[in-house]
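The block underneath contains the structure these notes are about, expressed in structure tokens.
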Amino acid sequence: MESPTWTPPPPPPIPLSEKARGKLPAGAPVPTASPANGGGKKAATRSIRFSTQPPNDAPLTDVHRRARLRLLPLLSIEGEMTRQLFPELAAGLNPLPDVSLGTSAPPSLPGVKEVCVRAGNGWKTVLASLQAQGEKGKGKGNQNGPIDELTTSLSGCKDDMIALWEDQAVRAVLRRRSVRLQDMPGFFLNDIARVASLQYEPSDDDIVRARLRTLGVEEHRFTMETGAAGSEWYIYDVGGSRSNRPHWIPYFDDVQAIIFLAPLAFNLMLEEDSRVNRLEDSISLWREICGNKLLEGATLILFFNKMDILQATLASGIRVQKYVPSYAEQPNDTSVTSSVVIMYVHLPFYTFGDHPWD
Numbered sequence: 009m010e011s012p013t014w015t016p017p018p019p020p021p022i023p024l025s026e027k028a029r030g031k032l033p034a035g036a037p038v039p040t041a042s043p044a045n046g047g048g049k050k051a052a053t054r055s056i057r058f059s060t061q062p063p064n065d066a067p068l069t070d071v072h073r074r075a076r077l078r079l080l081p082l083l084s085i086e087g088e089m090t091r092q093l094f095p096e097l098a099a100g101l102n103p104l105p106d107v108s109l110g111t112s113a114p115p116s117l118p119g120v121k122e123v124c125v126r127a128g129n130g131w132k133t134v135l136a137s138l139q140a141q142g143e144k145g146k147g148k149g150n151q152n153g154p155i156d157e158l159t160t161s162l163s164g165c166k167d168d169m170i171a172l173w174e175d176q177a178v179r180a181v182l183r184r185r186s187v188r189l190q191d192m193p194g195f196f197l198n199d200i201a202r203v204a205s206l207q208y209e210p211s212d213d214d215i216v217r218a219r220l221r222t223l224g225v226e227e228h229r230f231t232m233e234t235g236a237a238g239s240e241w242y243i244y245d246v247g248g249s250r251s252n253r254p255h256w257i258p259y260f261d262d263v264q265a266i267i268f269l270a271p272l273a274f275n276l277m278l279e280e281d282s283r284v285n286r287l288e289d290s291i292s293l294w295r296e297i298c299g300n301k302l303l304e305g306a307t308l309i310l311f312f313n314k315m316d317i318l319q320a321t322l323a324s325g326i327r328v329q330k331y332v333p334s335y336a337e338q339p340n341d342t343s344v345t346s347s348v349v350i351m352y353v354h355l356p357f358y359t360f361g362d363h364p365w366d
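Right, here's the structure in full:
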């Protein structure tokens, strides 16, 4: 009987030298090189760059930290815009963080942060003043005003913003933290190259997407110039969060019409209560409004909004049934689902309304 052939174990990996170790970013895993084909050649290595297809637990490196450091001017831009539009909030602005490369902690994401409009018209006065200054400076080559400086600073951060948003390690961090920036108001990260251009002018669609969150109740008055000329209209814009709803009641008296905006984002939860689905909350709120005795003579107008978010959510493969079990096995592909979801969501709203609508 032949004796078994003994096969020597593979040679141990060759550790990197101290000099090579010193070139690695802080916290990065230390690679090793093994002899190739017994020839003693070291395996080829690639230069450090933003990841393309990292594992799910890919760490953020010094490359990301340096990019974050270069993007710190964005915080100054936000602060300066807040000071111009909301002077009363200037004293309460947070100072810029002191970031030291390699020692700073990763940014926390305690919750969704949105731009908001406080009740009152002070911000409109400031904005009108800034727009008037811009009109006076047209054609004079004025590039030293505060708005031009903000635009230049934003444009200078454009490449880093694009690189970070397209980086797969950053995307993995957002997925692990269940952060969907695409679903947040004013999402423009897919359009950075256009929006951060020095020649950028907002389109009508940009203005709609850059919606501002309303806090409290805002009153808008305008006088009709055609038809019943001279008629004065009052429109009250109310915040939809649960904490704002008790303040609606005084404005229900003698109201003639209510425009109700119901979001189609079926997979999002309330900020105030992460256990409550936003769509479910909208249906419940609609039921309360329809049953309010003060609104018996009012015309109720229902709009479904955030259609773009619905389409993006379906395109990402998220199943409606997971968040709306009664949806069952109905279509979930983007070619037909948008219309199906709208019709499905329409039914409970229709049930509680006293009058049909188109």
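Positions 9 to 366 (this note's numbering) are the ones given, in order, by the sequence shown.
Every residue gets a Cβ at the ideal spot worked out from N, C-alpha and C, and that includes glycine.
Review point. Looking at the structure shown, is L182 part of a helix, part of a strand, or coil, going by DSSP?
Key: Within the sequence shown, residue 182 is the residue found at index 174, counting from 1. In the structure shown, L182 sits in a helix (DSSP, three-state: H, G or I).
Check your understanding: For L172 versus A75, is the C-beta spacing smaller than 7 Å?
Key -> The sequence position of residue 172 within the sequence shown is 164, counting from 1. The sequence position of residue 75 within the sequence shown is 67, counting from 1. Going by C-beta atoms, L172 is nearer than 7 Å to A75.
Check your understanding: So L310 is in the beta strand (DSSP E); what residue range does that whole segment cover?
Key -> By one-based count along the sequence shown, residue 310 stands at place 302. Element bounds for L310: 307-313.
Exercise for review: Can you tell me which of the three DSSP states P339 falls into?
Suggested key: Counted from its first residue, the sequence shown places residue 339 at position 331. In the structure shown, P339 sits in coil (DSSP, three-state: anything other than H, G, I, E or B).
Review point. Buried or exposed: which applies to Y335, given that a residue is buried once 16 or more other Cβ atoms fall within 10 Å of its Cβ?
Key: Position 327 of the sequence shown, counted from the first residue, corresponds to residue 335. That one is buried.
Check your understanding: With a Cβ-Cβ cutoff of 7 Å, do L7 and N300 count as a contact?
Key -> Nothing can be reported for residue 7: it is not among the residues displayed for the chain, which extend from 9 to 366.
Exercise for review: From the DSSP output, read off the bridge partner residues of T90.
Suggested key: Counted from its first residue, the sequence shown places residue 90 at position 82. None, per the DSSP bridge assignment.
Check your understanding: Between L293, G305, T321, H72, which lies nearest to Q176 when the distance is taken from Cα to Cα?
Key -> Numbered from 1 along the sequence shown, position 168 holds the residue referred to as residue 176. Q176 has its Cα closest to that of H72, out of L293, G305, T321, H72.
Exercise for review: Indicate the three-state DSSP secondary structure (helix, strand or coil) for R229 in the structure shown.
Suggested key: Here residue 229 is taken as the residue at index 221 of the sequence shown, counted from 1. Looking at R229 - three-state DSSP - the assignment turns out to be strand.
Check your understanding: Where S163 and E174 are concerned, what is the direct C-alpha to C-alpha distance, given to the nearest angstrom?
Key -> If you number the sequence shown from 1, residue 163 lands on position 155. If you number the sequence shown from 1, residue 174 lands on position 166. Here the alpha carbon of S163 sits roughly 17 Å from the alpha carbon of E174.
Practice item. Go ahead and label P271 buried or exposed: buried means 16 or more other beta carbons lie within 10 angstroms of its beta carbon, across all protein chains shown. Key: For the purposes of this step, residue 271 is identified with residue 263 of the sequence shown, where counting begins at 1. Flag for P271 reads buried.
Review point. Going straight from the alpha carbon of A265 to that of D168, what length do you get?
Key: Taking the sequence shown and counting its residues from 1, one reaches residue 265 at position 257. Taking the sequence shown and counting its residues from 1, one reaches residue 168 at position 160. A265 and D168 have their C-alpha atoms spaced approximately 47 Å apart.
Point to revise | Burial state of W241 (16 or more Cβ within 10 Å) | key: The sequence position of residue 241 within the sequence shown is 233, counting from 1. With fewer than 16 Cβ atoms within 10 Å of its Cβ, W241 is classed as exposed.
Point to revise | Residues that D245 bridges to, as DSSP identifies them | key: Counted from its first residue, the sequence shown places residue 245 at position 237. According to DSSP, D245 bridges with E226.
Point to revise | S324 to V216 span [Cα, whole Å] | key: If you number the sequence shown from 1, residue 324 lands on position 316. If you number the sequence shown from 1, residue 216 lands on position 208. Each residue's Cα considered, the two are about 23 Å apart.
Check your understanding: What residue range is occupied by the uninterrupted alpha helix (DSSP H) comprising L278?
Key -> Reading the sequence shown from its first residue, position 270 is the one you call residue 278. First-last for L278: undefined, no H or E at that position.
**Study point:** Spatial neighbours of K148 in its chain, beta-carbon cut-off 7 Å, leaving aside the 5 residues before and after
**Key:** Translated into positions along the sequence shown, residue 148 becomes position 140. At K148, the pLDDT of 48 sits below 50, so the modelled position is not reliable; the number obtained from the coordinates is stated separately. Here the set comprises nothing.
Review point. For V309 versus I267, is the C-beta spacing smaller than 7 Å?
Key: Counting from one through the sequence shown, the residue named residue 309 turns up at place 301. Counting from one through the sequence shown, the residue named residue 267 turns up at place 259. For the record, residue 309 in the displayed sequence is Ile; it is not Val. It is a contact, given that the beta carbons lie within the stated cut-off.
Point to revise | The beta strand (DSSP E) enclosing L269, as first and last residue numbers | key: Numbered from 1 along the sequence shown, position 261 holds the residue referred to as residue 269. L269 -> beta strand (DSSP E) spans 265-271.
Check your understanding: Among the residues of its own chain, which have a CB less than 6 Å from the CB of A320, if the five just before and after it don't count?
Key -> Working through the sequence shown from its first residue, we reach residue 320 at position 312. Within the same chain, and ignoring the five residues on either side of A320 in sequence, the residues whose Cβ sits closer than 6 Å to its Cβ are Q190.
Exercise for review: Would you kindly check if the distance between the Cβ of P339 and the Cβ of V348 is under 7 Å?
Suggested key: Numbered from its first residue, the sequence shown carries residue 348 at position 340. Numbered from its first residue, the sequence shown carries residue 339 at position 331. A contact, by the Cβ cut-off of 7 Å.
Check your understanding: Is DSSP giving E209 helix, strand or coil here?
Key -> Indexing the sequence shown from 1 puts residue 209 at position 201. Note: E209 maps to coil in three-state DSSP.
Check your understanding: CB-CB under 7 Å to A306, same chain, minus the five flanking residues each way: which ones, in chain order?
Key -> Here residue 306 refers to the residue found at position 298 when the sequence shown is read from its first residue. So the qualifying residues of the chain are V263, Q264, A265, I266.
Practice item. Reducing DSSP to helix, strand and coil, say where E157 ends up. Key: In the sequence shown, the residue the question calls residue 157 occupies position 149. Of the three classes helix, strand and coil, the one that applies to E157 here is helix, per DSSP.
Practice item. Please check the pair D212 and H228, which I expect to be a contact at CB under 8 Å, by giving their CB distance rounded to whole angstroms. Key: Position 204 of the sequence shown, counted from the start, is the residue given in the question as residue 212. Position 220 of the sequence shown, counted from the start, is the residue given in the question as residue 228. Actually they are not in contact, since the Cβ atoms of D212 and H228 sit about 20 Å apart, beyond 8 Å.
Check your understanding: For S186, is the classification buried or exposed, using 16 other Cβ atoms within 10 angstroms of its Cβ as the cut-off for buried?
Key -> To locate residue 186, count along the sequence shown from 1; it is residue 178. The residue is exposed, with fewer than 16 neighbouring Cβ atoms inside 10 Å.
Practice item. Would you give the residue range spanned by the alpha helix (DSSP H) that L293 belongs to? Key: The residue given as residue 293 occupies position 285 in the sequence shown. Run containing L293: 286-298, per the alpha helix (DSSP H) assignment.
Check your understanding: So L276 and R286 are in contact, right, with Cβ under 8 Å, and what is the actual spacing, rounded?
Key -> Within the sequence shown, numbered from 1, the residue matching residue 276 stands at position 268. Within the sequence shown, numbered from 1, the residue matching residue 286 stands at position 278. That belief holds up - the Cβ atoms of L276 and R286 are roughly 5 Å apart, short of 8 Å.
Review point. Since E240 sits in a beta bridge, which residues does DSSP pair it with?
Key: The residue you call residue 240 lines up with position 232 of the sequence shown. Its beta-bridge partners are T231.
Practice item. Go ahead and label L206 buried or exposed: buried means 16 or more other beta carbons lie within 10 angstroms of its beta carbon, across all protein chains shown. Key: The count along the sequence shown starts at 1 and reaches residue 206 at position 198. Its Cβ having fewer than 16 others within 10 Å, L206 is exposed.
Point to revise | Top-ranked residue by Cα proximity to G248, from A180, Y208, I200, V225 | key: By 1-based counting over the sequence shown, the position of residue 248 is 240. The shortest Cα separation from G248 among A180, Y208, I200, V225 belongs to V225.
Review point. Anyone know if the C-beta pair for L79 and C165 falls short of 7 Å?
Key: What you label residue 79 is simply residue 71 of the sequence shown in a count that begins at 1. What you label residue 165 is simply residue 157 of the sequence shown in a count that begins at 1. Yes; because the gap between Cβ atoms is below 7 Å, this pair is in contact.
Review point. Does DSSP classify P7 as helix, strand or coil?
Key: Only positions 9 to 366 of the chain appear in the structure, and residue 7 is not among them; the question remains open.
**Study point:** Sequence-distant residues of the same chain with beta carbon closer than 7 Å to V332, five excluded per side
**Key:** Mapped onto the sequence shown, residue 332 falls at position 324. Same-chain partners within the cutoff: F274.
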